[in-house]
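**Student:** Shown below is the structure under consideration.
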Amino acid sequence: MLERQHTVVTINGQEYLADPGQNLLDLINTTGENVPQICYNESLGPLETCDTCVVQVDGELKRACGMKVEPGMSVMTNRPEVHMAQKDALDSILEKHELYCTVCDYNNGDCEIHNAVADFGLEHQSREFKPSTYEVDRSGSFYRYDPNQCILCGRCVEACQDVVVNETLTIDWDRKEPRVIWDNDVGIDQSSCVNCGLCVTACPCNALLEKGMEGEAGYMTDQEPGLLRSMIDLTKKAEAGYGPLFAVSDTEAKLREDRIKKTKTVCTYCGVGCSFDVWTKDRQVLKVEPHAQSPANGIATCVKGRFGWDYVNSDKRLTRPLIRRGESFEEVEWDEAIAYVAKRFTEIKDEHGPEALGFIASSKATNEESYLMQKFSRQVIGTNNVDNCSRYCQSPATKGLFRTVGHGGDSGSIEDIAKADMVITIGSNTAESHPVLASRIKRAHKLNGQKLYVFDLRKHEMAERADKFFQPKSGTDLVWLSAVTKYILDQGWENKEFLDEWVNGLEEYKKCLDKFTLEYAEEMTGIPQQDLKDLAKEIVSKDKVAICWAMGVTQHSLGSDTSTTISNLLLVTGNYRRPGTGAYPLRGHNNVQGCSDFGSMPNFMPGYESPHEEEVRERYEKAWDCKMPEDDGMDNHEQIKAMHEGKLKSFYVKGEDTSIVDANINYVTSAFEKLEFMVVQDLFLTKTAEYADVVFPAVASLEKDGTFVNTERRIQRLYKAMEPLEGTKPDWEIITLLAKELGFDWGYTHPQEIMAEAASLSPLFAGVTYERLEGYNSLQWPVHEDGSDEPLLYQEGFPFDDGKARLFPIDFEKQYDVTEEYDLHINNGRLLEHFHEGNMTYEVPGIVRKTPNAFVEVSPELAEERGLKEGAEIKLISDAGEATGIVTITDRVKGKELFIPMSANGKSAVNFLTDNSVDKDTDTPAYKEIAARMEIVRKKGEKSPIPPNNHRRGNRQPQVSVKVEEKWQRDDYEFPGTKVKHNG
Amino acid sequence: MAKSLTTVKRMEVPKEVQVEKDVEEVKEAISENKEAILKGIKLLRALDDADTLQALTALTNHRKDAMGYLVKELNKPQYAKLLENLSGFAFLLGDIDVDAVRDMTGRINRGLEAAEQEDVSQEKTSYLDLAKALKDPDINRSVTMMLQFFKGMGKES
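Set out below in structure tokens:
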């Protein structure tokens, strides 16, 4: 161990030990000295815009936040001139910001201006508040900007430019009255703003405020604008001096705590797993506030997590169980529905055996609910026919990792991706599908020199930002990956030490690489040989390489093999077991990882133990007092097939709109029609529910307790923010009721008890308890009995008998291509603002007004060739079916490749086109392999499917930070320290 | 052969059943909070007796109007002084030496008591009586104190 270096700094005559290079303000904050600091926020770093943290350093007045500690530095924070300079800075802020706290919606105890002025003890301001000539901008969907309250601290700009790296906000320091501007000075609504809301969280006051808070947070803030103005004037008159003003407003802030509930929850959208406090007033969501201690996301989240909660109170929610009777559903009481389902399950099991029943858990539901679904299937019914939607996306990645390194999850944390010297993304539209994780890459790339290589069919945002962007032919990633690996081995550039110590099977693996010459790779992928050589050189020259991949890899017929190849490359180059390295299959749903982790899989028990192993079965048989089924059950895909074959008679699906998200919709729905009995559990009467015999009304994530596992294998708790909508029940309660009706009285009263049971049975989660997951605490599995976890996997070796990883040989044979008849390749994926099929986000008016419907992206070349104009309507026809859509012409796609967002529903749904081809190893549908032909319905349309206020039409303004130097150069600016010196 | 369905027959809950369910819920709440509710009734009765209940109801119904009038009125120039004084008084109270005031008030009270006990029909007080009275230590203390007070009051601050 190196001895830790220290720097000695004297503060007010007392010596302190600082870390070398530590920020001076950070050090002062550990000493208990009170120095105001309005523009400073640890999550953002020093901005030096507000001048309030002036202290005396070696006799000179300086901004503490702009200094790094140096040996022997002497700092005074309590001298009169320091106080005068700080007061001057605060006065300048109060010239721009009117304190009317009692009638301000931001008066919730966390206003940093309020708190700084109060702590400083400022009683009166010496310079009058001067409003600007600007109007409030309330053009956007979700937040508004009030230039008359804005102090130009630039925290929003830093957040937008360097934290989420959306690069929309800047401060125009050149104009007479500087202000924050959007793009090149357009309204919020017209800009490139993606409504991630981070600027609002970063804002220290009410200049940027969620519209959901306006007139809702305070007791006296819901007034007509004119009256509010009068009340502001009155407040200021009656509360002369800041002392009384703060006394009254602090009291009012305390009163607000009575009616505003702040609950920690975990986002229910993608696999990043953002956690935050949701502020509610009864059932109304006021705002979402992430915290610096939110482990996966810090203070960031995206538009869906921040503002996408309207679906919770949608009037389309189901509020009673439904039973199919004749030509319609009938609402019934819970008792009746539960008894009916139990009776039908029993009848079908008695007549056809347990294998005639199938169960699908939801990757949107909690771990506890996944655990209960598989327990129900295995214990109550007696079949392993239980699966979840990871079959549609992630199983191939899991398979590839199991083959090579032994754990089916990300090798490290999001932090490690940010730390890597080089990030390669393959088949991942990261900026739209995993926005917060993408921000970490964008930041590292923009500020820290991280190299970014992107492989994708589409030129999406990450591709535009990349150092190198490659567009290999669809489905050929395996080839270039193998060719690069082979080239590295041929050159002798492999990490020999790592391979010797940690990896088996090198010689055999080398043999399989014979065919993957650079010539072959160029022919198959279209990537020139020289580029592949350069790439190989780049990879081996970097100390830490992380590879992220997503559905562009897995949803192919060679999805598992390609995932395997990625892991092989990482092993050969020694990019495992160290911070900043590893394999990162980016999980798509909030709990797609956890749903599989907790056993809703036909071939795995909780914690990926095999039901074939006697010891495993015995453990569960003892705990559950039942006979465990031994054979693998049917996966999702096989279950649909078995419906067609008449083998599967009953189907119970929870929180999954199978008939939209499964490939080949026509085939799936016709399978449902052949079932004897079908049960669906959901918030809405989904497309899938329309085929059900019984529909149970479930609850939203905000209405229940439980845990999710994010893409980092991180287990996080969500707390109930509001009571379930009347008439609805959480999934775990519904399944528990069914089990009881069928003679298995589990007796759970809280998800905590379910987790305790799962942890006691599955070694992977041995140390998981609700206490250890309290609040923002989290655990990354495997979690050992003593509660220690593994943020970075494989530290102690790989989970195989000899602790060594395995190179796994693969082969390649191209199985899919466009044909003469079906000459177009149809790609599909997520949009940032609509999640998946869109059944939640289409309930959010603020999103819908900017992105009302899906579209079909067509390349300029193809549009020219077919004579299509923006807004044209086309029909796409594949072997499996047809879909129609409205055209937008964009160079995000090229040649004969088209893109349809997954949020397309109705006639545009992409899964009308997909067929039954699957990944050969996991049965994951090859969603990304669609060949189709085009028929033109209308050559041009009246308008583009992308409205003028969509962020894709915006105009980003990249810069680093807030450019405070431009402020300092203004004629009307003088540093408070200089002023104090001049005035003596 | 289950075809896709989108029609839902809503459950018609008869009004009596719903009412009964609601009443049951309320009854339970009452039973759980018996003490508080009884006290609440007392409070309501007191408010009603004083006619305050009606006034409060009306004020709540018209709170926005009321707030509007109040704020509009208070924002008029003639109240500016009043509002300033409100907080001014608050500061003034902070400056007053309460112990001294209490002592002084005690003395004034004793003086008033003594004055009341005095027989009003007594003859007029002559100069000589006044001079004699100065010899009385109580009176002398009073006069000295008054003289000191006059001196302090006249001082230019």
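Protein chains in written order, with the numbering used here: chain A, 20 to 1003; chain B, 6 to 162. Virtual Cβ for every residue (Gly too), placed ideally from N, Cα, C.
1. Alpha carbon to alpha carbon, how far is valine 672 of chain A from arginine 975 of chain A? Give it in angstroms, no decimals.
2. From the DSSP output, in three-state form, read off leucine 589 of chain A for me.
3. State yes or no: is the C-beta of alanine 642 of chain A within less than 8 Å of the C-beta of methionine 662 of chain A?
4. Is the separation between the beta-carbon of threonine 444 of chain A and that of cysteine 531 of chain A shorter than 8 Å?
5. Whole angstroms are fine: how far does the CA of aspartate 104 of chain B sit from the CA of alanine 120 of chain B?
6. Looking at chain B, which residues of the segment 343-364 of chain A have a Cβ within less than 9 Å of any of its Cβ atoms?
7. Going along chain B, which residues have a C-beta under 9 Å from aspartate 712 of chain A?
8. Roughly how many angstroms separate the alpha carbons of proline 770 of chain A and serine 669 of chain A, rounded to a whole number?
9. Alpha carbon to alpha carbon, how far is glutamate 483 of chain A from threonine 299 of chain A? Give it in angstroms, no decimals.
10. Between valine 591 of chain A and leucine 508 of chain A, is the Cβ-Cβ spacing less than 8 Å?
11. Tell me the DSSP bridge mates of arginine 95 of chain A?
12. Please name the residue, chosen from A:Arg163, A:Leu228, A:Leu171, A:Leu227, that lies closest to aspartate 208 of chain A on a Cα-to-Cα basis.
13. Buried or exposed, going by whether 16 or more other CB atoms sit within 10 Å of the CB of alanine 138 of chain B?
14. Where do the N-terminal and C-terminal ends of the alpha helix (DSSP H) with alanine 1022 of chain A fall, by residue?
15. Less than 7 Å between C-beta atoms, sequence neighbours within five positions excluded: which residues of the same chain meet that for valine 559 of chain A?
16. Going along the segment 234-249 of chain A in order, which residues come within less than 7 Å of chain B, judged by CB to CB distance?
17. Cβ atoms of arginine 146 of chain A and cysteine 169 of chain A: under 8 Å apart, would you say?
18. Of all Cβ atoms in chain B, is any one closer than 8 Å to the Cβ of asparagine 126 of chain A?
19. Given that a residue counts as buried once 16 or more other Cβ atoms are within 10 Å of its Cβ, and exposed if not, what is alanine 717 of chain A?
20. Do arginine 477 of chain A and asparagine 42 of chain A have their C-beta atoms closer together than 8 Å?
21. So the candidates are A:Lys915, A:Glu954, A:Ala602, A:Gly857; which of them puts its Cα closest to the Cα of lysine 492 of chain A?
22. Report the three-state DSSP secondary structure of cysteine 215 of chain A (helix, strand or coil).
23. Measuring only the C-alpha atoms, how far is isoleucine 829 of chain A from isoleucine 773 of chain A?
24. At which residues does the alpha helix (DSSP H) containing lysine 518 of chain A begin and terminate?
25. Between aspartate 676 of chain A and chain B, is there a C-beta pair that is closer than 8 Å?
26. Let me see if you follow: with CB-CB separation under 8 Å, is leucine 667 of chain A close to chain B or not?
27. Going by C-alpha distance, which of A:Thr282, A:Pro604, A:Gly626, A:Glu790 is nearest alanine 777 of chain A?
28. Determine whether the Cβ of glutamate 271 of chain A lies closer than 8 Å to any Cβ atom of chain B.
29. Threshold first: 3 residues or longer. Then list the beta strand (DSSP E) segments lying entirely within the segment 425-507 of chain A, N to C.
30. So which residues on chain B does phenylalanine 691 of chain A lean against when the C-beta distance must stay under 9 Å?
31. Here's the rule I'm using: 16 or more other beta-carbon atoms within 10 Å means buried, otherwise exposed. How should asparagine 126 of chain A be labelled?
32. Buried or exposed: where does valine 24 of chain B fall if 16 or more other Cβ atoms within 10 Å of its Cβ makes it buried?
33. Report yes if the CB atom of tyrosine 73 of chain B is closer than 8 Å to the CB atom of leucine 253 of chain A, and no otherwise.
34. Starting from the N-terminal side, write out each stretch of the beta strand (DSSP E) that is 3 residues or longer and does not extend beyond the segment 873-923 of chain A.
35. Output, in chain order, the set of chain A residues within a Cβ distance shorter than 9 Å of valine 31 of chain B.
36. Note down the Cα distance separating valine 205 of chain A from leucine 49 of chain B, rounded to an integer number of angstroms.
**Tutor:** In terms of the structure at hand:
1. Translated into positions along the first sequence, residue 975 of chain A becomes position 956. Translated into positions along the first sequence, residue 672 of chain A becomes position 653. In a straight line, the C-alpha of arginine 975 of chain A is about 43 Å away from that of valine 672 of chain A.
2. Within the first sequence, the letter at position 570 stands for residue 589 of chain A. Helix, per DSSP.
3. Working through the first sequence from its first residue, we reach residue 642 of chain A at position 623. Working through the first sequence from its first residue, we reach residue 662 of chain A at position 643. It is not a contact, given that the beta carbons lie outside the stated cut-off.
4. Taking the first residue of the first sequence as position 1, residue 444 of chain A is located at position 425. Taking the first residue of the first sequence as position 1, residue 531 of chain A is located at position 512. It is not a contact, given that the beta carbons lie outside the stated cut-off.
5. Counted from its first residue, the second sequence places residue 120 of chain B at position 115. Counted from its first residue, the second sequence places residue 104 of chain B at position 99. Using only the alpha carbons, I get a separation of about 24 Å.
6. Arg343, Arg344, Glu346, Ser347, Phe348, Glu349, Glu350, Val351, Glu352
7. As a first step, residue 712 of chain A must be located in the first sequence, where it is residue number 693. Simply Ala7.
8. The residue labelled residue 770 of chain A in the question sits at position 751 within the first sequence. The residue labelled residue 669 of chain A in the question sits at position 650 within the first sequence. Rounded to whole angstroms, proline 770 of chain A to serine 669 of chain A spans 27 Å at the Cα level.
9. Position 280 of the first sequence, counted from the start, is the residue given in the question as residue 299 of chain A. Position 464 of the first sequence, counted from the start, is the residue given in the question as residue 483 of chain A. So the alpha carbons of these two residues sit roughly 39 Å apart.
10. By 1-based counting over the first sequence, the position of residue 591 of chain A is 572. By 1-based counting over the first sequence, the position of residue 508 of chain A is 489. Yes, Cβ-Cβ distance for valine 591 of chain A and leucine 508 of chain A is below 8 Å.
11. Stepping through the first sequence from its first residue, residue 95 of chain A is reached at position 76. For clarity, residue 95 of chain A is methionine in the given sequence; the question names arginine instead. Its beta-bridge partners are A:Gln75.
12. Residue mapping note: residue 208 of chain A aligns to position 189 of the first sequence, counting from 1. Considering only alpha carbons, the answer is A:Arg163.
13. By one-based count along the second sequence, residue 138 of chain B stands at place 133. So alanine 138 of chain B ends up on the exposed side.
14. Nothing about residue 1022 of chain A can be reported from this structure: the residues present for chain A run from 20 to 1003 only.
15. For the purposes of this step, residue 559 of chain A is taken as the residue at position 540 of the first sequence. Cβ within range, chain order: Ile507, Trp512, Thr592.
16. Leu246, Ser249
17. Taking the first residue of the first sequence as position 1, residue 169 of chain A is located at position 150. Taking the first residue of the first sequence as position 1, residue 146 of chain A is located at position 127. Cβ distance not < 8 Å, so cysteine 169 of chain A and arginine 146 of chain A don't count as in contact.
18. Position 107 of the first sequence holds residue 126 of chain A. No, because no Cβ of chain B sits closer than 8 Å to the Cβ of asparagine 126 of chain A.
19. Here the question's residue 717 of chain A lines up with position 698 in the first sequence. Its Cβ being crowded by 16 or more others within 10 Å, alanine 717 of chain A is buried.
20. The sequence position of residue 477 of chain A within the first sequence is 458, counting from 1. The sequence position of residue 42 of chain A within the first sequence is 23, counting from 1. The answer is no: Cβ separation not under 8 Å.
21. Taking the first sequence and counting its residues from 1, one reaches residue 492 of chain A at position 473. Among A:Lys915, A:Glu954, A:Ala602, A:Gly857, the Cα nearest to that of lysine 492 of chain A belongs to A:Lys915.
22. For the purposes of this step, residue 215 of chain A is taken as the residue at position 196 of the first sequence. Three-state result, cysteine 215 of chain A: coil.
23. Residue mapping note: residue 829 of chain A aligns to position 810 of the first sequence, counting from 1. Residue mapping note: residue 773 of chain A aligns to position 754 of the first sequence, counting from 1. Answer to the nearest angstrom: the Cα atoms are 40 Å apart.
24. Taking the first sequence and counting its residues from 1, one reaches residue 518 of chain A at position 499. Contrary to the premise, residue 518 of chain A reads as leucine rather than lysine in this sequence. Counting along the chain, the alpha helix (DSSP H) containing leucine 518 of chain A begins and ends at 515-521.
25. Sequence index remark: in the first sequence, residue 676 of chain A carries index 657 (1-based). No, aspartate 676 of chain A lies away from the interface with chain B (no Cβ there is under 8 Å from its Cβ).
26. Residue mapping note: residue 667 of chain A aligns to position 648 of the first sequence, counting from 1. Answer no: the Cβ-Cβ gap between leucine 667 of chain A and chain B never drops below 8 Å.
27. Against the first sequence, residue 777 of chain A aligns to sequence position 758. It is A:Gly626.
28. Position 252 of the first sequence, counted from the start, is the residue given in the question as residue 271 of chain A. Glutamate 271 of chain A does not count as touching chain B.
29. 441-445, 470-474, 487-489
30. For the purposes of this step, residue 691 of chain A is taken as residue 672 along the first sequence, with counting starting at 1. Near phenylalanine 691 of chain A (Cβ distances below 9 Å), the residues of chain B are Ala7, Ser9.
31. For the purposes of this step, residue 126 of chain A is taken as the residue at position 107 of the first sequence. Within 10 angstroms of the beta-carbon of asparagine 126 of chain A lie 16 or more other beta-carbons, which makes it buried.
32. Walking along the second sequence from the start, residue 24 of chain B turns up at place 19. So valine 24 of chain B ends up on the exposed side.
33. Counted from its first residue, the second sequence places residue 73 of chain B at position 68. Counted from its first residue, the first sequence places residue 253 of chain A at position 234. The question names tyrosine, but residue 73 of chain B is glycine in the sequence shown. Cβ atoms of glycine 73 of chain B and leucine 253 of chain A: not closer than 8 Å.
34. 875-877, 892-896, 901-908, 916-920
35. Start at 1 with the first residue of the second sequence, and residue 31 of chain B comes out as number 26. Within 9 Å Cβ-Cβ: nothing; valine 31 of chain B doesn't reach chain A, min ~16 Å.
36. For this step, residue 205 of chain A is matched to residue 186 along the first sequence. For this step, residue 49 of chain B is matched to residue 44 along the second sequence. Approximately 57 Å, taken between the alpha carbons.
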